[in-house]
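The sequence shown begins at -14 in the numbering used here and counts up by one. C-beta atoms are modelled at their ideal positions from N, C-alpha and C, and glycine is treated no differently.
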Amino acid sequence: MNTTGYTKAEQADTVSDTLYLTAVGVVVVGIVAGIGLVLLGLGAASVIVTFVAVGVAALFLAAGFVASRVADRLHYYGR
-14 MNTTGYTKAE
-4 QADTVSDTLY
6 LTAVGVVVVG
16 IVAGIGLVLL
26 GLGAASVIVT
36 FVAVGVAALF
46 LAAGFVASRV
56 ADRLHYYGR
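Printed below as a string of structure tokens:
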């Protein structure tokens, strides 16, 4: 235990969940912004915004995956 009252495994699980939810949020915001730009007649900007959002979401998904692997290891070793 540490000062937060949660084990390292529980903290890693929380970080992993937060990163996954952030990735979903980034995709949703990117799609909504892309649709808004299309409605404003800025199709090229829409494509760029959507691609950037998907790229950022991929980074968050990768970080979430790594955090979940760390959490699995911490659970396995009982920490």
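query, result
"From D57 to L25, what does the alpha carbon distance come to, in whole angstroms?", "46 Å"
"Given L22, which residues of its chain have a CB within under 8 Å of its CB, disregarding the five upstream and five downstream residues?", "G28, A30, S31 and V34"
"Going by DSSP in three states, R54 sits in which element: helix, strand or coil?", "helix"
"Are the stretch 5 to 15 and the stretch 42 to 55 touching by the rule of at least three beta carbon pairs closer than 8 Å?", "yes"
"Can you give me the Cβ contacts of A38 inside the same chain, cut-off strictly under 8 Å, excluding the 5 residues immediately before and after it?", "V11, V12, V14, G15, I16, A18 and G19"
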